[in-house]
Amino acid sequence: MDIVIGLEVHIQLQTNTKLFCGCSTNYRDSKPNKHTCPICLGLPGSLPKLNQKALEYGIKAGLALDCNIADSMQFHRKNYFYPDLPKGFQISQYDSPLATEGTVELSNGKKIEIRRIHLEEDPGRLEHPAGKKQSYVDYNRSGVPLLEIVTEPDMSSPQEARDFLRKIREIMEYLKIFDGGLEGSLRCDANISIEGGGRAEVKNISSYKGAEKALNYEITRQKNLMRRGKEVKRETRHFNEEQGITKPSREKEEEHDYRYFPEPDLPRVTISKEKIKEIEESLPELPDEKRDRFQKEYGLSQDQAESLTTSLFLADFYEEIACQIDPELTATWVADTLKGELSYRGINLKESNIEKEDLLFILRYLKEDEITEKGAIKVMRSTLDENKKPEKIIEEENLRSISLDEISEIAKRVIKENPEAIEDYRQGKEKAVNYLVGQVMKETNGRADPGETNKLIQKQLEEID
Amino acid sequence: MNAKEIVNEIKRGEKTAAGFLFECKNKIEKKEEEINAFISLDLERSIEKAKEIDKKIKEGKDVGKLAGLPIAVKDSITTSNFKTTCGSKMLEGYHPPYDSTVVSKIKEEDGIVIGKANCDEFCMGSSTETSYFGSTRNPVDEERVPGGSSGGSAASVKYGANPLALGSDTGGSVRCPASFCGVYGLKPTYGQVSRYGLIAYASSLDQIGPIANSIEGISLLFNVISGSNDMDSTKVEEERGGSQIELSLNDLNIGIPKEFYGEGVDEEVEEKVKENLDQLRDKGAKLKEISIPSMEYALSAYYIVAMSEASSNLARFDGIRYGFKQKMNDNWEKVFSQVRKTGFGEEVRRRIMLGTYALSTGYYEKYYEKALKVRTLLKRDFEKAFKEVDFIITPTMPFRAFEIDEKIEDPLSLYMADILTVPVNMAGLPSLSVPCETNGLPIGLQIIGDSFEEDRIIELARKIKEE
Ligand SMILES: [Zn+2]
Chain X
1 MDIVIGLEVH
11 IQLQTNTKLF
21 CGCSTNYRDS
31 KPNKHTCPIC
41 LGLPGSLPKL
51 NQKALEYGIK
61 AGLALDCNIA
71 DSMQFHRKNY
81 FYPDLPKGFQ
91 ISQYDSPLAT
101 EGTVELSNGK
111 KIEIRRIHLE
121 EDPGRLEHPA
131 GKKQSYVDYN
141 RSGVPLLEIV
151 TEPDMSSPQE
161 ARDFLRKIRE
171 IMEYLKIFDG
181 GLEGSLRCDA
191 NISIEGGGRA
201 EVKNISSYKG
211 AEKALNYEIT
221 RQKNLMRRGK
231 EVKRETRHFN
241 EEQGITKPSR
251 EKEEEHDYRY
261 FPEPDLPRVT
271 ISKEKIKEIE
281 ESLPELPDEK
291 RDRFQKEYGL
301 SQDQAESLTT
311 SLFLADFYEE
321 IACQIDPELT
331 ATWVADTLKG
341 ELSYRGINLK
351 ESNIEKEDLL
361 FILRYLKEDE
371 ITEKGAIKVM
381 RSTLDENKKP
391 EKIIEEENLR
401 SISLDEISEI
411 AKRVIKENPE
421 AIEDYRQGKE
431 KAVNYLVGQV
441 MKETNGRADP
451 GETNKLIQKQ
461 LEEID
Chain E
1 MNAKEIVNEI
11 KRGEKTAAGF
21 LFECKNKIEK
31 KEEEINAFIS
41 LDLERSIEKA
51 KEIDKKIKEG
61 KDVGKLAGLP
71 IAVKDSITTS
81 NFKTTCGSKM
91 LEGYHPPYDS
101 TVVSKIKEED
111 GIVIGKANCD
121 EFCMGSSTET
131 SYFGSTRNPV
141 DEERVPGGSS
151 GGSAASVKYG
161 ANPLALGSDT
171 GGSVRCPASF
181 CGVYGLKPTY
191 GQVSRYGLIA
201 YASSLDQIGP
211 IANSIEGISL
221 LFNVISGSND
231 MDSTKVEEER
241 GGSQIELSLN
251 DLNIGIPKEF
261 YGEGVDEEVE
271 EKVKENLDQL
281 RDKGAKLKEI
291 SIPSMEYALS
301 AYYIVAMSEA
311 SSNLARFDGI
321 RYGFKQKMND
331 NWEKVFSQVR
341 KTGFGEEVRR
351 RIMLGTYALS
361 TGYYEKYYEK
371 ALKVRTLLKR
381 DFEKAFKEVD
391 FIITPTMPFR
401 AFEIDEKIED
411 PLSLYMADIL
421 TVPVNMAGLP
431 SLSVPCETNG
441 LPIGLQIIGD
451 SFEEDRIIEL
461 ARKIKEE
């Protein structure tokens, strides 16, 4: 059975000020209704004024998604009543959007068509404190610029939908117009249908994982209905993230008539060819381009390059170290070791204690055999957990590698102290060597190189013969 | 004495601002109770302000172009010092936290806003009878309406409360009361004056304009409010000449559009306007009959555009942030419905409902889109006309001021009153109503000019008034 999924993604643009006024967009750490003015409160007589930065960011996004940017665009009013909507309408775009016809390539190589991209304002936020009969409205978010990205129904699994969202996040973060780490900065609605059934529109998805969860739930629900020979109705459903289920919407959204008409307070916005060209020339390298370059320039595998480009911060972190030391060694240590340690701790690189200089220091020591691989991992863990500089950790924990001469001395002593091991070796028990290596490692607190130690012990045992 | 002469005397110290304000105060005390031109008044603070200006002048400091002039501002225009109700119960007790751009400009030029003038509720009306705060009476004949919706502004100027006032004009709301009260009223080109702070009725038609008892007053106040501003995206940023316009009647072609005369226009009104036209011809101007064929659809198209935009502009009044509140223990839908039912008057509710209908799916193309097409046609007709003539002259209103309660029960006949003014708003053009009857009930003559030709219109009005 074919599954058809289309997404409407809303991302908050990281401009300093709101879409139509000069208020700060930083609503998350503020007291309610602190960042408001007559415009974003919709006070009688106030008028919107387009934030040129938001327009520029929108054009950037459009170009990065390979869209056609419109010569001119029009804002429309979307009329509906809700307490978080101070004007009784949302300024959005309708039949003359900012950009159309783009594409995004998924990890599996599939191309997803973008139907349109437009700018609109975020409404305020309602709060329903537990145990209280009233609700409260906070208009700090009112007027924050949103970019709506609408896809064609080109995805055929929840995994693809999740991958699409991840790609969008990556690209928008590379453009430095979006911060996917902020709560509520990405929200989406999903259309999903299974061949032969009606289409459900799932609203209120507010995370990447949520999208996959909601869609999986919908597929199971729709399949179950079909299996029982029941009709899958065309309807709007609401996703409940905590319960992981979708429910039919209480408000009959499909019956809404938004009475769109051109926003008379904002004249048509013309976008000159020169402006588009200027922005196009200033576009940074995008994730796919970077991934290809990393493979070519640093000889990385596709998996490594993919893993190292999932965020701009990570990619920059890698590249700055790779330029100063062995790029392949760096790739292994960043893509495998460091990312593994971070995901074990459930944090991302940006939030962690480790700095570029720290990893560079560790890798330099490793390369010069000043520490062992095991030691390097130990240093990395302590840097992450204790926020100490690697140099200090190596000193305090006595992790510096020891010389071959020293190992040789210790090996001699260990062999002498274990005559039964010599006997075992003579009888052909290879395990005896491993035992002796283990003893050396124990004596040296893991600072001895296990390979070298092994060689040394074999040589010494043969010499005893 | 006109506003310019008063300012000059104040500046020269021949007259004090406070002294003049006391003169106005006397008139207000004598007439205001009868006329009801104001929703709010603050004479005490105004006198204080006048004294400050006098002090500045005495100390030889610079003062602005409106130094010490008392000005009434229509209550559809936001002021931080006065509550701003727009004539509605919905905004009873609403104190805006900011000044509209025009009011800031008046304050910068040392004008004194003495109070807020009465108007039809949300500017919807042509008689100031739909105001929640009671009708304003026409100072010329108190049994009659002052026109609307800026009726309080025109009446206050007429009875001498202030030489200048601000109104707002969506389909004739400055020119109609100017015509009925026998004063001057200018509707500037769309985009000439910032609308920031004007409570929107129909955003694509609204424009703030000056009302005065003299041409000099119109010119003075218009120059102050039309300056640059970056808060209104529909404002056209264009440096205005400012230099004296020279106009020779011998070179002028005046257009007489046949659709604006004849049927529906009161005979005496038409006669009076034609008398003035004849005088212009005698002074050298050439008169030319022209045609605005799309005039036929102008009124219905106007009401569709205006009501549609109004239905959206007035959606913000839900009783949860400011203005009228309803204490109810119920859910949001019930509360805001009740607020809108109780807070809006009948005419406002009617226009919101009609506008909502016109924008609905399935009707949008039939009404709104078609109305926009008429608008394009009107613009084209006027453009064509202005290739042949320099100005167009018509009556402002098809009749003189009617009696209070005469038409209020019949909305259609009231809508018809706007027939000669709405085409100008639809085309975005400037026009000035000039009083042209010196005896009895006033009659207004409307001069329509090409876009941004306010200064030339004002100059032509001077010529008309020259003996
Ligand atoms: Zn704001």
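Chains as they are written, first to last, in the UniProt record's numbering: chain X, 1 to 465; chain E, 1 to 467. Don't be surprised by glycine CBs; every beta carbon is placed ideally from N, CA and C.
List, in chain order, every chain X residue whose beta-carbon is nearer than 8 Å to that of residue i.
{"i": "E:I199", "result": "P44 and G45"}
{"i": "E:D318", "result": "F81, P83 and G88"}
{"i": "E:Y196", "result": "G45, S46 and L47"}
{"i": "E:A315", "result": "N79, F81, K87, G88 and F89"}
{"i": "E:T356", "result": "R259"}
{"i": "E:Y368", "result": "F261"}
Find the residues of chain X that neighbour residue i, judging by a C-beta separation of less than 7 Å, and give them in chain order.
{"i": "E:L359", "result": "R259 and F261"}
{"i": "E:R321", "result": "L41 and P86"}
{"i": "E:Y98", "result": "P38"}
{"i": "E:E309", "result": "P264"}
{"i": "E:F324", "result": "Within 7 Å Cβ-Cβ: nothing; E:F324 doesn't reach chain X, min ~12 Å."}
Grab me the residues of residue i's own chain with a C-beta within less than 8 Å of its C-beta, minus the 5 sequence neighbours each way, in chain order.
{"i": "E:E388", "result": "N253, G255, K288 and I290"}
{"i": "X:S352", "result": "L342, R345 and L384"}
Across which residues does DSSP place residue i in a beta bridge pair?
{"i": "X:K367", "result": "Answer by DSSP bridge pairing: none, since X:K367 is not bridged."}
{"i": "X:Y136", "result": "X:E127"}
{"i": "X:F75", "result": "X:Q93"}
{"i": "X:P145", "result": "X:E121"}
{"i": "X:I112", "result": "X:V104"}
{"i": "residue 488 of chain E", "result": "In the structure displayed, chain E extends from 1 to 467; residue 488 of chain E sits before or after that span and is not available."}
{"i": "X:V150", "result": "X:E8 and X:R116"}
{"i": "X:N33", "result": "Answer is none; X:N33 lacks a bridge partner."}
{"i": "E:K286", "result": "E:N253"}
CB-CB under 7 Å to residue i, same chain, minus the five flanking residues each way: which ones, in chain order?
{"i": "X:R259", "result": "N79"}
{"i": "E:H95", "result": "K83"}
{"i": "X:L349", "result": "F313, L314, F317 and L342"}
{"i": "X:L360", "result": "I321, Q324 and I325"}
{"i": "X:R166", "result": "Y208"}
{"i": "E:S194", "result": "T101, V102, N229, M231, D232 and K235"}
Answer with buried or exposed for residue i, where buried requires no fewer than 16 other C-beta atoms within 10 angstroms of its C-beta.
{"i": "E:L412", "result": "exposed"}
{"i": "X:L126", "result": "exposed"}
{"i": "residue 468 of chain E", "result": "Any question about residue 468 of chain E goes unanswered here, given that chain E covers just 1 to 467."}
{"i": "X:M1", "result": "exposed"}
{"i": "X:T453", "result": "buried"}
{"i": "E:F22", "result": "exposed"}
{"i": "E:K116", "result": "buried"}
{"i": "E:G19", "result": "exposed"}
{"i": "E:A161", "result": "buried"}
{"i": "X:D280", "result": "Sequence check: residue 280 of chain X is Glu here, not Asp. Exposed, since its Cβ has fewer than 16 Cβ neighbours within 10 Å."}
{"i": "X:N224", "result": "exposed"}
{"i": "E:P257", "result": "buried"}
{"i": "X:I347", "result": "exposed"}
List, in chain order, every chain E residue whose beta-carbon is nearer than 9 Å to that of residue i.
{"i": "X:P390", "result": "Ordered by position in chain E, no residue passes the 9 Å Cβ test against X:P390, which lies about 54 Å from the chain."}
By Cβ distance, which residues of its chain are closer than 6 Å to residue i, with the 5 residues on each side in sequence left out?
{"i": "E:G217", "result": "N2, A3, P163 and L164"}
{"i": "E:N313", "result": "A200"}
Residue i versus chain E: which residues are under 7 Å apart at the beta carbon?
{"i": "X:K167", "result": "Going along chain E, no residue has its Cβ under 7 Å from X:K167, so there is no contact; the nearest lies around 35 Å."}
{"i": "X:P267", "result": "S233 and T234"}
Residues of chain A with a CB under 9 Å from the CB of residue i: which are they?
{"i": "E:T342", "result": "The chain inventory of the structure shown lacks chain A, comprising the protein chains X and E."}
Say the cut is 7 Å; is the CB of residue i nearer than that to a heavy atom of ligand 2?
{"i": "X:T36", "result": "What this structure holds is ligand 1, not ligand 2."}
Show which residues of chain E have a CB atom less than 8 Å away from the CB atom of residue i.
{"i": "X:R77", "result": "S312"}
{"i": "X:L50", "result": "S233"}
So residue i and residue j are in contact, right, with Cβ under 8 Å, and what is the actual spacing, rounded?
{"i": "X:I117", "j": "X:P86", "result": "Rounded, the Cβ-Cβ distance is 25 Å, inconsistent with contact."}
{"i": "X:H238", "j": "X:E148", "result": "Their Cβ separation, rounded to whole angstroms, is 19 Å, which puts X:H238 and X:E148 out of contact at 8 Å."}
{"i": "E:M397", "j": "E:L420", "result": "7 Å"}
Kindly list, in the order they appear in chain X, the residues whose Cβ is closer than 9 Å to that of residue i.
{"i": "E:T78", "result": "P38, L43, P44, G45 and S46"}
{"i": "E:F336", "result": "F81 and P83"}
{"i": "E:S204", "result": "P262, P264 and D265"}
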